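All remarks here apply to the structure that follows.
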Ligand code: GLA
């Protein structure tokens with residue numbers, strides 16, 4: 004869906020750094036002109052995200068702590084008056100799509116174009132009026148890697164299309180439009196984390212989001228200043244069962260809350276007691292889900308406390324414990340991801356865990372700066388030994404959320 008044709012991130016190893024926002028916006032303007040034969044009226048860019056900790060908590064009223072990646076998606080757009088939506092993407096294999104405005108509905112168009120078209124349809128439900136739209140997408144966010152390339156596309160499209168319609172939408176509104184498009188047009192029952200992270204993150208900060216009351220707290224995070232680095236390891240593996248399994252985990256959590264008479268698993272905390280005691284009467288299959296969600300919320304709180312007190316290194320064991328919980332209790336990891344986590348920790352990483360929905364995708368690794376080459380090599384060697392694709396390894400410097408490109 005996204006990704007620049009021929010870019011080195013298409014292969015494994017250590018890819019070139021992503022383009023700066025202004026450079027990416029220029030590339031989108033040029034691509035727009037080449038495909039649509041005239042200038043774009045507006046360009047928005049939005050980042051991918053990596054979740055530091057707080058996994059599968061965002062649809063349980065829980066806590067998450069993501070940060071925005073320097074990898075961004077740019078959406079260039081201009082109005083048309085012929086009733087058509089014409090969509091181009093620079094991603095390899097992404098065919099151009101033309102669809103009448105009145106024909107846009109869940110399933111039409113499908114594929115990559117469902118995301119921006121879904122956003123357009125959702126904006127219309129809040130009063131945005133269009134006579135037609137030309138749109139062009141250029142992206143450096145690795146697709147299918149659990150790094151929210153779809154949320155980046157949705158939120159950048161929401162910003163650009165809201166501008167075209169003259170709607171003054173704040174970051175939360177853009178995120179909500181993106182989330183609704185994901186649910187209704189991409190058919191993924193995701194929580195609120197990805198689009199909010201993409202829309203609201205700040206450079207040099209992680210975003211503590213409480214999905215119970217919607218509060219956002221920007222926590223300073225400068226891994227480099229602490230003598231550490233955050234690495235993203237994209238395993239380049241994604242198992243097909245991911246979406247169905249996500250929906251089943253979500254349904255399992257909701258069923259557990261219902262059986263316990265709580266609105267969601269977060270509210271169980273108010274009763275006091277441990278996950279074990281609170282979930283003792285649940286069916287065997289549901290108890291580990293409750294244990295993961297409750298212990299994960301506790302890990303997010305401790306991670307946030309440590310970061311606020313300036314202890315970046317101290318969060319390492321929490322990341323690794325979070326991985327064990329996702330692997331053993333929530334059962335959303337997979338062998339290829341476990342190989343990477345184990346290799347990173349064995350090579351001296353301070354902590355490592357899967358990030359995102361699971362069943363492949365990416366691992367986030369916290370490592371001493373001096374140990375980056377050793378840990379990177381260990382991860383690549385372990386993947387080679389187990390015959391899995393060569394991972395892509397790159398640093399995650401906390402970047403800024405979605406914005407209109409100047410000019
Ligand atoms: C996906 C979803 C998010 C969240 C994570 C798991 O990324 O889109 O809403 O549930 O999985 O933490």
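In my numbering, the protein residues as written are 4 to 410.
Where is the CB? At the ideal position from N, CA and C, for every residue including glycine.
These numbers were taken from a predicted model, which means no experiment stands behind them.
Close beta carbons around residue 63, own chain, < 7 Å, minus the five adjacent residues each side:
Numbered from 1 along the chain shown, position 60 holds the residue referred to as residue 63. Taken in chain order, the residues that qualify are 256, 267, 268, 269, 296.
If you measure from each residue's Cβ to the nearest non-hydrogen atom of ligand 1, which ones come out under 5 Å, in chain order?
58, 59, 61, 193, 194, 196, 197, 359, 360
Of all the alpha helix (DSSP H) runs that stay within the bounds of the stretch 273-354, which reach a length of 4 or more residues?
Segments of the alpha helix (DSSP H) lying fully in the stretch 273-354: 278-281, 290-311, 319-331, 338-349.
Check whether the Cβ atoms of residue 122 and residue 181 lie closer than 8 Å to each other.
Here the question's residue 122 lines up with position 119 in the chain shown. Here the question's residue 181 lines up with position 178 in the chain shown. Contact: yes.
Please report the Cβ distance between residue 53 and residue 150, rounded to the nearest whole angstrom; I am assuming they are in contact, meaning their Cβ atoms lie under 8 Å.
Locating residue 53 in the chain shown gives position 50, where the first residue counts as 1. Locating residue 150 in the chain shown gives position 147, where the first residue counts as 1. With 8 Å as the limit, residue 53 and residue 150 qualify as a contact, their Cβ atoms being about 6 Å apart.
Using only CA atoms, which one of 327, 65, 137, 409 lies nearest to residue 84?
For the purposes of this step, residue 84 is identified with residue 81 of the chain shown, where counting begins at 1. Nearest option by C-alpha distance: 137.
From which residue to which residue does the alpha helix (DSSP H) around residue 71 run?
As a first step, residue 71 must be located in the chain shown, where it is residue number 68. No alpha helix (DSSP H) holds residue 71; the beta strand (DSSP E) holding it covers 66-82.
What does DSSP give as the partner residues of residue 397 in its beta bridges?
Position 394 of the chain shown, counting from 1, holds the residue named residue 397. Partner(s): 235.
Can the beta-carbon of residue 242 be found less than 8 Å from the beta-carbon of residue 147?
Taking the chain shown and counting its residues from 1, one reaches residue 242 at position 239. Taking the chain shown and counting its residues from 1, one reaches residue 147 at position 144. No, Cβ-Cβ distance for residue 242 and residue 147 is not below 8 Å.
Count the other CB atoms within 10 Å of the CB of residue 48; is the residue buried (16 or more) or exposed (fewer)?
To locate residue 48, count along the chain shown from 1; it is residue 45. Flag for residue 48 reads buried.
Just to confirm, are residue 332 and residue 294 a CB contact at a threshold of 8 Å?
The count along the chain shown starts at 1 and reaches residue 332 at position 329. The count along the chain shown starts at 1 and reaches residue 294 at position 291. Against a cut-off of 8 Å, the Cβ pair of residue 294 and residue 332 comes out as a contact.
Smallest Cα separation from residue 20: which of 143, 117, 86, 129?
The sequence position of residue 20 within the chain shown is 17, counting from 1. It is 143 whose Cα lies nearest to the Cα of residue 20.
DSSP beta-bridge partners for residue 379?
As a first step, residue 379 is located in the chain shown; it is residue number 376 there, counting from the start. Bridge partners of residue 379: none, in fact.
For residue 369, which three-state DSSP category applies?
For this step, residue 369 is matched to residue 366 along the chain shown. Reduced to three states, the DSSP call for residue 369 is strand.
Can you give the beta carbon distance from residue 354 to residue 321, rounded, assuming they're within the 8 Å contact cut?
Here residue 354 refers to the residue found at position 351 of the chain shown. Here residue 321 refers to the residue found at position 318 of the chain shown. Yes, they are in contact, since the Cβ atoms of residue 354 and residue 321 sit about 7 Å apart, within 8 Å.
Compare the Cα-Cα distances from residue 303 to each of 60, 175, 398, 240 and report the closest residue.
Reading the chain shown from its first residue, position 300 is the one you call residue 303. Per the Cα distances, 60.
Quick one: measure Cβ to Cβ for residue 238 and residue 152, integer angstroms, because I've assumed they're closer than 8 Å.
Within the chain shown, the letter at position 235 stands for residue 238. Within the chain shown, the letter at position 149 stands for residue 152. Rounded, the Cβ-Cβ distance is 15 Å, inconsistent with contact.
Opposing strand residues paired with residue 53 [DSSP bridges]:
Locating residue 53 in the chain shown gives position 50, where the first residue counts as 1. Beta bridge pairing from DSSP links residue 53 with 70.
For residue 339, does the count of other Cβ atoms within 10 angstroms reach 16, so buried, or fall short, so exposed?
Locating residue 339 in the chain shown gives position 336, where the first residue counts as 1. Per the 10 Å Cβ criterion, buried.
Any C-beta of chain B sitting closer than 8 Å to the C-beta of residue 159?
Among the chains in the structure shown there is no chain B, since it carries only a single protein chain.
On the criterion of 16 or more Cβ atoms from any shown chain inside 10 Å, does residue 26 qualify as buried, or is it exposed?
Residue 26 sits at position 23 when you count from the first residue of the chain shown. The residue is exposed, with fewer than 16 neighbouring Cβ atoms inside 10 Å.
Quick check on the DSSP output: what are the complete alpha helix (DSSP H) runs of length 4 or more inside the stretch 177-238, in order along the chain?
196-203
Residue 330 versus 169, 345, 223, 319, residue with shortest Cα-Cα distance:
What you label residue 330 is simply residue 327 of the chain shown in a count that begins at 1. Comparing Cα-Cα distances from residue 330 to each of 169, 345, 223, 319, the minimum goes to 345.
Between the beta-carbon of residue 343 and the beta-carbon of residue 386, is there less than 8 Å?
As a working mapping, residue 343 is identified with position 340 in the chain shown. As a working mapping, residue 386 is identified with position 383 in the chain shown. Going by C-beta atoms, residue 343 is nearer than 8 Å to residue 386.
Whole angstroms is fine: what's the gap from residue 316's alpha carbon to residue 34's?
Here residue 316 corresponds to residue number 313 of the chain shown, with the count starting at 1. Here residue 34 corresponds to residue number 31 of the chain shown, with the count starting at 1. Their Cα atoms are separated by approximately 42 Å.
Does the stretch 108-128 come close enough to the stretch 153-163 that 3 or more CB-CB pairs lie under 8 Å?
yes
Taking contact to mean at least 3 C-beta pairs separated by less than 8 Å, is the stretch 245-252 in contact with the stretch 389-398?
no
Enclosing beta strand (DSSP E) for residue 152 [first to last residue]:
Within the chain shown, residue 152 is the residue found at index 149, counting from 1. Annotation for residue 152: no beta strand (DSSP E) segment contains it, though the alpha helix (DSSP H) segment containing it runs 152-167.
For the beta strand (DSSP E) containing residue 138, list its first residue and its last residue.
Translated into positions along the chain shown, residue 138 becomes position 135. Counting along the chain, the beta strand (DSSP E) containing residue 138 begins and ends at 136-142.
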